[in-house]
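Participant:
Protein chains: 4
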Amino acid sequence: MRKVDPERHDEKRRQILQAAERCFVRGGFRGASTSDICAEAGISPGHLYHYFESKEAIIAAMTEIGLQKAAARFDGLMQKPDVVAALLAEIDSLRLKQGMAGSMLHLEVLAEASRNPAIAKILQHRSRRLQQLLASFLRKGQELGQVDPGLEPDAAAAIVLNVVLGAGSLRVSNPHLDGASSRAMLKLLISRFLTPLGMAET
Amino acid sequence: MRKVDPERHDEKRRQILQAAERCFVRGGFRGASTSDICAEAGISPGHLYHYFESKEAIIAAMTEIGLQKAAARFDGLMQKPDVVAALLAEIDSLRLKQGMAGSMLHLEVLAEASRNPAIAKILQHRSRRLQQLLASFLRKGQELGQVDPGLEPDAAAAIVLNVVLGAGSLRVSNPHLDGASSRAMLKLLISRFLTPLGMAET
Amino acid sequence: MRKVDPERHDEKRRQILQAAERCFVRGGFRGASTSDICAEAGISPGHLYHYFESKEAIIAAMTEIGLQKAAARFDGLMQKPDVVAALLAEIDSLRLKQGMAGSMLHLEVLAEASRNPAIAKILQHRSRRLQQLLASFLRKGQELGQVDPGLEPDAAAAIVLNVVLGAGSLRVSNPHLDGASSRAMLKLLISRFLTPLGMAET
Amino acid sequence: MRKVDPERHDEKRRQILQAAERCFVRGGFRGASTSDICAEAGISPGHLYHYFESKEAIIAAMTEIGLQKAAARFDGLMQKPDVVAALLAEIDSLRLKQGMAGSMLHLEVLAEASRNPAIAKILQHRSRRLQQLLASFLRKGQELGQVDPGLEPDAAAAIVLNVVLGAGSLRVSNPHLDGASSRAMLKLLISRFLTPLGMAET
DNA sequence: CATGAATGAGCTTTCATTCAT
DNA sequence: CATGAATGAAAGCTCATTCAT
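Here the protein sequences line up with chains U, F, D and G, keeping their order. If you read the first sequence in my numbering, its first letter stands for residue 13, the second for the next number, and so on. If you read the second sequence in my numbering, its first letter stands for residue 13, the second for the next number, and so on. If you read the third sequence in my numbering, its first letter stands for residue 13, the second for the next number, and so on. If you read the fourth sequence in my numbering, its first letter stands for residue 13, the second for the next number, and so on.
#1: In the region 93-181 of chain D, which residue ranges form an unbroken alpha helix (DSSP H) of at least 4 residues, counting only runs that do not cross its ends?
#2: Is the Cβ of F/P165 closer than 8 Å to any Cβ of chain U?
#3: Could you check which residue in U/H188, U/D17, U/K24 and U/Q158 has the C-alpha nearest to that of U/A98?
#4: With a threshold of 8 Å on Cβ separation, who are the neighbours of D/G88 within its own chain once the five nearest residues in sequence on each side are excluded?
#5: By the DSSP assignment, the alpha helix (DSSP H) with G/I202 in it spans what residues?
#6: U/E19 CB to nearest chain F CB: under 8 Å?
#7: Under the three-state reduction of DSSP, which class applies to D/Y63: helix, strand or coil?
#8: Starting from the beta carbon of D/L201, find every residue of chain G whose beta carbon is closer than 8 Å, and list them in chain order.
#9: Only counting the same chain, and skipping five residues up and downstream in sequence, which positions put a Cβ closer than 8 Å to that of G/A83?
#10: Near D/L135, what residues of its chain come up, given a Cβ to Cβ distance below 8 Å and the 5 sequence neighbours on each side ignored?
#11: Find the nearest neighbour of U/D166 within the set F/E164, F/A73 and F/S193, judged by alpha-carbon distance.
#12: What does the Cβ neighbour count give for D/P131, buried or exposed, with the cut at 16 atoms within 10 Å?
#13: With DSSP as the reference, label D/G39 as helix, strand or coil.
#14: In three-state terms, what does DSSP make of F/Q30?
#15: Determine, using beta carbons only, whether G/L173 and G/L182 come nearer to each other than 8 Å.
#16: Does chain U have any CB closer than 8 Å to the CB of F/E52?
#17: How about D/M116 and D/V175: do their beta carbons lie closer than 8 Å?
#18: Check whether the Cβ of G/P208 lies closer than 8 Å to any Cβ atom in chain D.
#19: Report yes or no: is there a C-beta of chain D within less than 8 Å of the C-beta of G/M116?
#20: For G/A168, return the contacting residues in chain D, with the cut-off set at a CB-CB distance below 8 Å.
#21: Quick check on this structure: which residue in U/I103, U/L150 and U/G114 has the alpha carbon closest to the alpha carbon of U/Q30?
#22: If I follow the unbroken alpha helix (DSSP H) through G/S47, where does it start and stop?
#23: In angstroms with no decimal places, state the Cα-to-Cα distance between U/R204 and F/S56.
#24: Taking only three categories from DSSP, how would you classify G/G88?
#25: Is the beta carbon of G/K67 closer than 8 Å to that of G/T46?
#26: Which of the three DSSP states is assigned to F/T214 in this structure?
#27: Is D/E52 near D/R26, with beta carbons less than 8 Å apart?
#28: Does any residue of chain D have a CB that is nearer than 8 Å to the CB of G/P161?
#29: Just how far apart, CA to CA, sit D/I202 and D/H118?
#30: Have a look at F/S185 and U/I71 and give me their C-alpha separation to the nearest angstrom.
#31: Could you check the C-alpha separation between D/Q91 and G/S148 for me, to the nearest Å?
#32: Is it right to say G/L206 is buried, meaning 16 or more other beta carbons lie within 10 angstroms of its own, or is it exposed?
#33: With distances taken from CA atoms, which of G/E102, G/F41, G/V95 and G/R127 is nearest G/L177?
#34: Cα separation between U/R42 and U/A69?
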């Protein structure tokens with residue numbers, strides 16, 4: 013005799029977010045209309061507002077989720093013994109798993125954040141967390157002699173994150189590019205940046 | 013009964029594009045209306061269509077111009093004796109000169125291209141040119157022993173270009189970041205990537 | 013298997029009407045949504061329709077109640093010995109007790125009635141009752157020599173009622189007006205209108 | 013070769029306001045949609061916003077115009093020799109000329125002003141002007157011995173104005189009322205209020 | 001009795017584009 | 001060349017009401 017079923021509510025929210033994601037991938041944040049999202053989610057136009065206060069709230073929720081997922085992945089990395097190798101492996105998996113969708117949405121988030129303060133705040137907050145995670149990861153690597161101790165961990169983490177997350181746009185400007193070789197090149201870039209000078213190259 | 017003066021026409025086009033740029037920086041491609049652009053350019057709403065077929069044509073023209081400018085800058089680099097040093101200097105000047113505007117517009121172009129085939133085509137065409145330019149530049153560096161001969165020039169050029177152009181989004185996700193130190197970090201990243209293994213670090 | 017308890021039902025109806033009144037004072041009949049009313053009454057949106065057929069039924073019920081209350085007050089006046097004095101005292105208490113709420117709602121009722129036949133009917137029916145009450149009151153005053161015998165009681169009652177009930181709008185168009193002095197002025201107006209010509213002024 | 017024709021623009025604005033007035037009389041400020049107004053004015057839905065910033069701007073403009081017209085009428089009164097007689101004559105003409113429309117709109121304005129600060133401001137500003145006009149009118153009457161010198165002109169003006177403007181709602185709550193006799197009653201009310209005590213009644 | 005998910009029409013407003021002047 | 005009036009589709013959002021549970 014439960015009055016409210018918060019599980020069902022959350023489940024529906026998740027479904028709507030997934031529908032929204034598909035629409036946003038197709039047309040971007042501005043290009044996808046709330047009607048599109050409702051149609052994709054199989055609900056009526058007004059009902060969307062039972063679950064989200066506004067279209068912007070959907071964008072915000074999706075931004076949050078996207079970056080939370082990324083953080084969860086990095087959390088997993090912290091357990092691996094070889095820091096640099098783990099990071100390089102991560103590059104491979106990042107690119108493969110999310111396909112185009114993730115990259116495109118990340119571009120959308122960046123573009124939106126550059127003029128929408130609410131989204132900017134979420135992006136910055138989550139980015140900071142990711143960087144702190146990566147920085148502590150790098151520090152561990154420095155202690156183990158796997159990462160160049162001369163690198164300031166926080167600034168290095170910011171740069172590495174930006175490069176890795178920005179790699180998705182390679183496909184946009186160079187669709188003809190060979191995925192494997194550009195991924196290899198990217199790993200080489202990161203590897204040379206982080207590896208202590210005296211060490212041999214993989 | 014003066015004929016259409018093609019110079020005046022082009023001059024006006026340029027003015028409108030500059031006005032459009034200001035509007036797009038403020039609100040993005042979708043967020044800026046043609047009326048905004050007309051107001052900014054000091055012309056009437058209808059008159060815009062004497063100079064551009066559609067709003068998309070404006071976006072296309074601006075994408076072209078933006079990438080042409082970047083190409084022109086790289087052209088200049090080709091004259092410098094030390095290839096890597098020139099590239100690093102370029103990173104500094106890139107960031108300083110265009111400020112936020114350039115980065116934000118580049119994000120817009122990428123986001124737009126990821127779902128608008130017309131813009132994608134322009135972006136890809138111009139990117140290819142830029143990469144060819146940079147690749148031949150790298151090849152020259154390899155001949156002079158300034159660039160690691162093991163790097164495949166085309167793939168390396170793509171990666172380097174992506175990293176440099178994507179650096180603008182650092183400011184979006186990390187507004188608090190110290191510009192100088194992140195610029196230094198970025199230069200170190202590029203330098204370690206390109207420099208032959210045996211050479212000392214700057 | 014308890015039957016529907018009509019007392020509980022009526023009690024709930026009253027609670028909802030009170031909640032509705034608060035909402036209508038804030039935003040007017042059109043400006044307050046049924047959801048607002050439900051939230052204010054602490055019930056779920058659907059449950060409202062167990063107590064009222066429609067939003068208009070709530071408005072109608074409130075119109076009825078408001079005018080019934082006014083009638084009850086006038087009923088009390090009928091017992092007082094000095095007719096005009098009782099009426100003037102009533103003016104004071106009317107203004108003080110209902111504050112802004114009563115006036116604003118009366119304005120809403122008038123505005124709504126001017127285009128909603130159902131509400132108009134209620135308003136007219138209840139107004140007629142009030143006027144008959146006041147008219148018989150005036151007749152009594154005429155018999156006692158306290159009210160000018162030359163005044164036709166029904167028409168005079170209509171005018172006096174309109175003036176008194178309309179006084180609430182003074183605060184809307186003149187918020188800076190001194191309440192006491194305008195009340196005094198209003199009492200003078202009514203007093204001079206009703207008092208027989210030969211009699212001295214209070 | 014005039015570029016803009018402000019006359020045409022103003023003429024169109026006036027036409028739209030007239031169309032809006034008809035719609036507002038029918039359904040009130042909230043009940044009439046912008047689409048209704050556009051249809052009534054014979055323009056497309058979007059084009060309304062060429063002439064008015066928002067629906068509220070239309071309401072505001074109409075409020076202004078309505079009260080300006082009232083002020084213009086009162087201005088005319090200032091010329092008449094017998095102050096009270098002129099005012100009474102005005103009551104007759106007021107009621108006849110504007111028919112139901114004026115009264116209903118005035119009710120709308122009052123109801124709207126009671127919760128919309130922007131409209132309240134306009135109403136209060138214009139009301140103040142009207143009252144100052146009427147007050148100076150009354151002062152003149154006092155000098156000429158036509159108005160009771162004991163009345164404080166400003167407060168008296170506020171009351172008289174409220175009674176006269178509020179008379180329109182008589183028709184709403186008493187549609188069956190005889191216009192002539194209630195008008196006579198109203199004039200008697202005003203006359204007894206203003207006339208010096210010693211003077212005979214008309 | 002009571003909930004809140006669900007509907008769908010309708011709201012105000014924006015905007016790229018066209019066209020008579 | 002240039003204007004700005006005009007269009008009409010579509011946007012995000014609200015709301016009275018219904019209904020399965």
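From the three backbone atoms N, C-alpha and C, an ideal C-beta is built for every residue, glycine too.
Facilitator: Let me spell this out:
#1: 95-125, 129-155 and 165-178
#2: Reading the second sequence from its first residue, position 153 is the one you call residue 165 of chain F. No, F/P165 lies away from the interface with chain U (no Cβ there is under 8 Å from its Cβ).
#3: Taking the first sequence and counting its residues from 1, one reaches residue 98 of chain U at position 86. Comparing Cα-Cα distances from U/A98 to each of U/H188, U/D17, U/K24 and U/Q158, the minimum goes to U/Q158.
#4: Along the third sequence, one-based indexing puts residue 88 of chain D at 76. Excluding positions up to five away in sequence, the list is empty.
#5: Along the fourth sequence, one-based indexing puts residue 202 of chain G at 190. First-last of the alpha helix (DSSP H) with G/I202: G191 to L206.
#6: Numbered from its first residue, the first sequence carries residue 19 of chain U at position 7. Chain F contact via Cβ: absent.
#7: Working through the third sequence from its first residue, we reach residue 63 of chain D at position 51. Three-state result, D/Y63: coil.
#8: The residue labelled residue 201 of chain D in the question sits at position 189 within the third sequence. I171, V175, L201 and F205, listed in chain order.
#9: Numbered from its first residue, the fourth sequence carries residue 83 of chain G at position 71. Taken in chain order, the residues that qualify are R138, R141, L142 and L145.
#10: The residue you call residue 135 of chain D lines up with position 123 of the third sequence. T75, L79, V121, L122 and A125.
#11: By one-based count along the first sequence, residue 166 of chain U stands at place 154. When each option's Cα is compared against that of U/D166, the closest is F/S193.
#12: Here the question's residue 131 of chain D lines up with position 119 in the third sequence. The residue you asked about is not Pro; residue 131 of chain D is Ile in the sequence shown. Answer is buried; the Cβ neighbour count reaches 16.
#13: What you label residue 39 of chain D is simply residue 27 of the third sequence in a count that begins at 1. D/G39: helix per DSSP, three-state reduction.
#14: Residue 30 of chain F sits at position 18 when you count from the first residue of the second sequence. DSSP places F/Q30 in helix when its eight states are reduced to three.
#15: Residue numbering aside, residue 173 of chain G sits at position 161 when the fourth sequence is read from its first letter. Residue numbering aside, residue 182 of chain G sits at position 170 when the fourth sequence is read from its first letter. In this structure, G/L182 does not lie closer than 8 Å to G/L173 by Cβ.
#16: Here residue 52 of chain F corresponds to residue number 40 of the second sequence, with the count starting at 1. False, the Cβ-Cβ gap to chain U never drops below 8 Å.
#17: Counting from one through the third sequence, the residue named residue 116 of chain D turns up at place 104. Counting from one through the third sequence, the residue named residue 175 of chain D turns up at place 163. Cβ distance not < 8 Å, so D/M116 and D/V175 don't count as in contact.
#18: Indexing the fourth sequence from 1 puts residue 208 of chain G at position 196. No, G/P208 lies away from the interface with chain D (no Cβ there is under 8 Å from its Cβ).
#19: Residue mapping note: residue 116 of chain G aligns to position 104 of the fourth sequence, counting from 1. For G/M116, the answer is yes, since a Cβ of chain D falls inside 8 Å of its Cβ.
#20: Taking the fourth sequence and counting its residues from 1, the one referred to as residue 168 of chain G is at position 156. The answer, in chain order, is M197.
#21: Within the first sequence, the letter at position 18 stands for residue 30 of chain U. The option with the nearest alpha carbon to U/Q30 is U/G114.
#22: As a first step, residue 47 of chain G must be located in the fourth sequence, where it is residue number 35. Counting along the chain, the alpha helix (DSSP H) containing G/S47 begins and ends at T46 to A53.
#23: Residue mapping note: residue 204 of chain U aligns to position 192 of the first sequence, counting from 1. Residue mapping note: residue 56 of chain F aligns to position 44 of the second sequence, counting from 1. Approximately 55 Å between the Cα atoms of the pair.
#24: Along the fourth sequence, read from residue 1 onward, the residue named residue 88 of chain G stands at position 76. G/G88: helix per DSSP, three-state reduction.
#25: Here residue 46 of chain G refers to the residue found at position 34 of the fourth sequence. Here residue 67 of chain G refers to the residue found at position 55 of the fourth sequence. A contact, by the Cβ cut-off of 8 Å.
#26: Here residue 214 of chain F corresponds to residue number 202 of the second sequence, with the count starting at 1. Low per-residue confidence applies at F/T214: pLDDT is 47, beneath 50, and the placement is therefore not dependable enough to give any value.
#27: Position 40 of the third sequence, counting from 1, holds the residue named residue 52 of chain D. Position 14 of the third sequence, counting from 1, holds the residue named residue 26 of chain D. No.
#28: By 1-based counting over the fourth sequence, the position of residue 161 of chain G is 149. No, G/P161 does not count as interfacial toward chain D.
#29: On the third sequence, residue 202 of chain D is found 190 positions in, with the first residue counted as 1. On the third sequence, residue 118 of chain D is found 106 positions in, with the first residue counted as 1. Taking the straight line joining both Cα atoms gives about 20 Å.
#30: Taking the first residue of the second sequence as 1, we reach residue 185 of chain F at position 173. Taking the first residue of the first sequence as 1, we reach residue 71 of chain U at position 59. Those two C-alpha atoms are separated by around 16 Å.
#31: Position 79 of the third sequence, counted from the first residue, corresponds to residue 91 of chain D. Position 136 of the fourth sequence, counted from the first residue, corresponds to residue 148 of chain G. Rounded to whole angstroms, D/Q91 to G/S148 spans 42 Å at the Cα level.
#32: For the purposes of this step, residue 206 of chain G is taken as residue 194 along the fourth sequence, with counting starting at 1. By the neighbour-count rule (16 or more Cβ atoms within 10 Å), G/L206 is buried.
#33: Stepping through the fourth sequence from its first residue, residue 177 of chain G is reached at position 165. Looking at the Cα atoms, G/E102 is the closest of the given residues.
#34: Position 30 of the first sequence, counting from 1, holds the residue named residue 42 of chain U. Position 57 of the first sequence, counting from 1, holds the residue named residue 69 of chain U. Cα-Cα distance, rounded: 13 Å.
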